[in-house]
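Trainee: Take a look at the following structure, please.
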Amino acid sequence: MAAELEGSKSLSGLLSGLAQDTFYGHPGITEELLRSQLYPEVSPEEFRPFLMKMKGILKSIASADMDFNQLEAFLTAQTKKQGGITPEQAAVISKFWKSHKTKIRESLMNQSRWDSGLRGLSWRVDGKSQSRHSAQIHAPVAIMELEIGKSGQESEFLCLEFDELKVNQVLKKLSEVEESISTLMQPA
Amino acid sequence: MEESSEPQLDAKSKVTNQLINFQWKLGMAVSSDSCRSLKYPYVAVMLKVADHSGQVKNKSFEMTIPQFQNFYRQFKEIAAIIETV
Chain U
20 MAAELEGSKS
30 LSGLLSGLAQ
40 DTFYGHPGIT
50 EELLRSQLYP
60 EVSPEEFRPF
70 LMKMKGILKS
80 IASADMDFNQ
90 LEAFLTAQTK
100 KQGGITPEQA
110 AVISKFWKSH
120 KTKIRESLMN
130 QSRWDSGLRG
140 LSWRVDGKSQ
150 SRHSAQIHAP
160 VAIMELEIGK
170 SGQESEFLCL
180 EFDELKVNQV
190 LKKLSEVEES
200 ISTLMQPA
Chain R
2 MEESSEPQLD
12 AKSKVTNQLI
22 NFQWKLGMAV
32 SSDSCRSLKY
42 PYVAVMLKVA
52 DHSGQVKNKS
62 FEMTIPQFQN
72 FYRQFKEIAA
82 IIETV
């Protein structure tokens, strides 16, 4: 392995680039870009297997959503392997995962959501007053606008009108959901 | 998800719909091809809505648990306000 690859200076940058491409879906992070920016002294032929190895390690860690014990065990095993990583590289990878874990996990969750997500919610309550000839006066109404959209697509806006009765009906349903969540979150 | 502590609704949708039915499901995403250990719960909602002409449509979406809790909290706020108006 070229001396430059063994060093850990540029590895942090490489992992960031890999995360951008693999998890956050940013276009344009090519192998050549990473090599020329971070490891300009290394030939493309030598760089490729190195890149693939780091990508594989990062994907394994993310896929298993490793906690720090699992991470340490995994990385230690990688340092003992033939053609594995150096202890310095293990330290860089460990540091990277600890600071990016949450964001990467969120990206993976978003990638696996194929229905629309709720992007925004706004509302107001109108006090409707009818004409003096109408029997019904002061019937307040809640107007709610939901912004929903699928990953990578434009939002759709759904505007709903609720009277007090309807608001309470929905509220009852939401409390059922809350109860289900509590049951789910209870330790087994 | 945006929070509206000061509701200011400038509706982007021209049509106001009535909610006919609200169905929900609490799901748990276990695993996927990009992540073997997803383990996250989510709330899936199916709304049946009708516009002024009576045309009925289904709209579905998902929320993470924190998003749901925000949604629930806002509904409680609406209920509290609508009661006093």
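Sequences listed follow chains U and R, in order. Terminal number for the first sequence in the working numbering: 207, no gaps in between. Terminal number for the second sequence in the working numbering: 86, no gaps in between. Yeah, the Cβ is synthetic: ideal placement off N, Cα and C, and Gly gets one too. Being a predicted model, the structure only gives us computed values, none of them experimental.
1) Comparing the C-beta of W116 (chain U) with each C-beta of chain R, is any distance below 8 angstroms?
2) Quick check on the DSSP output: what are the complete alpha helix (DSSP H) runs of length 4 or more inside the region 16-60 of chain R, in order along the chain?
3) By the 10 Å Cβ neighbour count, where 16 or more other Cβ atoms means buried, how is A96 (chain U) classified, buried or exposed?
4) With DSSP run on the structure shown, which of helix, strand or coil describes E173 (chain U)?
5) Along chain R, in chain order, which residues have C-beta atoms closer than 8 angstroms to that of S82 (chain U)?
6) Check whether chain U comes within 8 angstroms of V44 (chain R), counting only Cβ atoms and requiring the distance to be less than that.
7) Could you tell me whether the region 74-84 of chain U touches the region 36-53 of chain R, using the rule of 3 or more Cβ pairs below 8 angstroms?
8) Output yes or no for whether 8 angstroms exceeds the beta carbon distance between I76 (chain U) and F62 (chain R).
9) Out of U:L184, U:W133, U:S126 and U:K28, which one is the CA nearest neighbour of I112 (chain U)?
10) Check each candidate in R:V57, R:G28 and R:I83 and name the one with the smallest Cα separation from D134 (chain U).
11) Can the beta-carbon of P46 (chain U) be found closer than 8 angstroms to that of I83 (chain R)?
Mentor: With the given structure in hand:
1) no
2) none
3) exposed
4) coil
5) S35, C36, R37 and S38
6) yes
7) yes
8) no
9) U:K28
10) R:G28
11) no
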